[in-house]
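Chemist:
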Amino acid sequence: MFDSYPTQSDAYEFFSGGSRELKGLVTVTSGNTDRCVLISGGIHGDESCGPSSMTFIARHLRANMGRLNGTVHFLLGNPEAFGARKRFMEKDLNRSFLSSYSDSYEAKRGKEIEKFLINNRNIKGVLDLHSVPVGDTQMLIYKVRDKDIAQRVSPISTHLLYDDKHLKGLFLKAADRYLNCFTAAVECGNHTAKESHLRSMFHILSMLKEFEIFDEPELLNLFSSEVDDGPIITRYEIIESITPKTGFKYVIPKVATGVQISKGMIYAQSDEGNHQATKECCLVLPSKDFKMEYSEFGFLCSKEIITRKISS
Ligand SMILES: [Zn+2]
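Letter 306 of the sequence shown, counting from 1, is numbered 305 in numbering that gives the first Met the number 0, and no numbers are missing.
1) Under 6 Å from any heavy atom of ligand 1, does the C-beta of GLU292 make it?
2) Decide if the segment 207–221 is in contact with the segment 156–170; the criterion is three or more beta carbon pairs, one per stretch, under 8 Å apart.
3) Please state if the CB of ARG86 and the CB of GLY49 are separated by a distance shorter than 7 Å.
4) Below 6 Å, is the gap between the Cβ of GLU46 and the nearest heavy atom of ligand 1?
5) How is LYS167 classed by DSSP in three states: helix, strand or coil?
6) Below 6 Å CB to CB, which residues in the same chain sit around THR245 once its five sequence neighbours on both sides are set aside?
7) Using the C-alpha atoms, what's the distance from ILE265 back to SER205?
8) Report the CB separation of ILE38 from LEU126 in whole angstroms; it is logged as a contact under 8 Å.
9) With a threshold of 16 other CB atoms inside 10 Å of the CB of GLN137, please say whether the residue is buried or exposed.
10) Kindly indicate which three-state DSSP category ASN273 falls into: helix, strand or coil?
11) Leaving out the 5 sequence neighbours to the left and right, which residues in its chain are closer than 6 Å to ARG307 when beta-carbon positions are compared?
12) Are GLU236 and SER301 close, meaning C-beta to C-beta below 7 Å?
13) Can HIS43 be considered in contact with ligand 1, in the sense that its beta carbon sits closer than 6 Å to one or more heavy atoms?
14) When you measure from the CB of HIS202 to every non-hydrogen atom of ligand 1, does any distance come out below 6 Å?
15) Can you give the beta carbon distance from PRO132 to SER286, rounded, assuming they're within the 8 Å contact cut?
16) I think VAL143 touches VAL71, with their Cβ atoms under 8 Å apart; what is that distance to the nearest whole Å?
17) Under the three-state reduction of DSSP, which class applies to THR136: helix, strand or coil?
18) Answer with buried or exposed for SER311, where buried requires no fewer than 16 other C-beta atoms within 10 angstroms of its C-beta.
19) Nearest CA to the CA of GLU209: which residue from PHE289, LYS193, ALA149 and ARG198?
20) If contacts are defined as beta-carbon pairs under 8 Å, then ILE241 and GLY168 qualify, I think. What distance do you get, rounded to the angstrom?
21) Could you check where the alpha helix (DSSP H) with VAL152 kicks off and where it finishes?
22) In the DSSP assignment, what residue or residues form a beta bridge with ILE231?
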């Protein structure tokens, strides 16, 4: 079956033939619009696991319509950047859901997607698929409110909680504002790892199962092998976003999610001087390159270890 797994170009093609309502949208429905979820990927155009896996699952659903009971919107977030194989055209789309005026391509795209959200308030859950440039980090990102559903949808044992203070203009925040429903994002691993695609497909199917739209245990099981699970959850909370500065570089021996930085330690340097941690913290989702147009170069987070609740 993996012979038919869509390449980046196949996925681009697939989403080009999408809906008139919104560019990059493909909807598969049994006619039941009460059970409805939105799966998105390619909000960052350099992350192919979301769009390819959405293409695969959308085709699979179409081939098995008799077992589908609900509506699934698949959204290629940033078609232009995905076509160009770039993270974004002008601005990070995943920080462009802001009310303040900007005329970048991504700000306009953000408005189009918001309009779609406003017109589709029957959506009960949103899952946004991503991958990372450094390491093979798997991470589940959500608001505290959604922790129970998040843990049912994903066995990933590294979590990042987002709040109102940080990640301004995040797509999930817009989704939550208009839909007020379960919203989560998954970092599926490295941009270039084939495992990221399996993890991405696992999470799509797991969402469809959770919302009782489509359930295929064998396939879910097949895709589960690469997903990092465990009884212990490491939960990060953002203390500080590492904002772009010219001449920025990390000066710690290992740059990866989870690396501990003690209070007072110089973790980076830039043209502004040394950057020192004001608290005991961990580095999370560091960038590999340091383009000034990026939203941040990583995060400093507090860390909490929790034991997973085993549901009976
Ligand atoms: Zn991303």
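C-beta atoms are modelled at their ideal positions from N, C-alpha and C, and glycine is treated no differently.
Modeler: This is what the structure holds:
1) In the sequence shown, residue 292 corresponds to position 293, counting from 1. GLU292 has its CB no nearer than 6 Å to any heavy atom of ligand 1.
2) Note that the segment 207–221 does not touch the segment 156–170; fewer than 3 beta-carbon pairs, one per stretch, sit closer than 8 Å.
3) The count along the sequence shown starts at 1 and reaches residue 49 at position 50. The count along the sequence shown starts at 1 and reaches residue 86 at position 87. Between GLY49 and ARG86, the CB-CB gap reaches or exceeds 7 Å.
4) Reading the sequence shown from its first residue, position 47 is the one you call residue 46. In this structure, the C-beta of GLU46 approaches ligand 1 to less than 6 Å from one of its heavy atoms.
5) Looking up residue 167 in the sequence shown gives position 168. For LYS167, the three-state secondary structure derived from DSSP is coil.
6) Counting from one through the sequence shown, the residue named residue 245 turns up at place 246. ASP270, listed in sequence order.
7) Taking the sequence shown and counting its residues from 1, one reaches residue 205 at position 206. Taking the sequence shown and counting its residues from 1, one reaches residue 265 at position 266. Cα-Cα distance, rounded: 41 Å.
8) In the sequence shown, the residue the question calls residue 38 occupies position 39. In the sequence shown, the residue the question calls residue 126 occupies position 127. Confirmed, Cβ separation roughly 5 Å.
9) Reading the sequence shown from its first residue, position 138 is the one you call residue 137. GLN137 comes out buried.
10) Taking the first residue of the sequence shown as 1, we reach residue 273 at position 274. Strand.
11) The residue labelled residue 307 in the question sits at position 308 within the sequence shown. Result list for ARG307: PRO230 and ILE232, in chain order.
12) Sequence index remark: in the sequence shown, residue 236 carries index 237 (1-based). Sequence index remark: in the sequence shown, residue 301 carries index 302 (1-based). In this structure, SER301 lies closer than 7 Å to GLU236 by Cβ.
13) Here residue 43 corresponds to residue number 44 of the sequence shown, with the count starting at 1. For ligand 1, a non-hydrogen atom lies closer than 6 Å to the CB of HIS43.
14) Taking the sequence shown and counting its residues from 1, one reaches residue 202 at position 203. Relative to the non-hydrogen atoms of ligand 1, the Cβ of HIS202 never comes closer than 6 Å to any of them.
15) Translated into the one-based positions of the sequence shown, residue 132 becomes position 133. Translated into the one-based positions of the sequence shown, residue 286 becomes position 287. 7 Å between Cβ atoms; contact.
16) The sequence position of residue 143 within the sequence shown is 144, counting from 1. The sequence position of residue 71 within the sequence shown is 72, counting from 1. Not a contact, Cβ separation roughly 26 Å.
17) Position 137 of the sequence shown, counting from 1, holds the residue named residue 136. Collapsing the DSSP output to three states places THR136 in coil.
18) Counting from one through the sequence shown, the residue named residue 311 turns up at place 312. Low local confidence applies: a pLDDT of 47 at SER311 is under 50, so the model's placement there is unreliable, with the coordinate-based value given in what follows. With fewer than 16 neighbouring CB atoms inside 10 Å of its own CB, SER311 falls in the exposed class.
19) As a first step, residue 209 must be located in the sequence shown, where it is residue number 210. When each option's Cα is compared against that of GLU209, the closest is ALA149.
20) Numbered from its first residue, the sequence shown carries residue 241 at position 242. Numbered from its first residue, the sequence shown carries residue 168 at position 169. That belief does not hold up - the Cβ atoms of ILE241 and GLY168 are roughly 17 Å apart, past 8 Å.
21) Along the sequence shown, read from residue 1 onward, the residue named residue 152 stands at position 153. Start and end: 146–152.
22) What you label residue 231 is simply residue 232 of the sequence shown in a count that begins at 1. Secondary-structure assignment with DSSP links ILE231 through a beta bridge to THR306.
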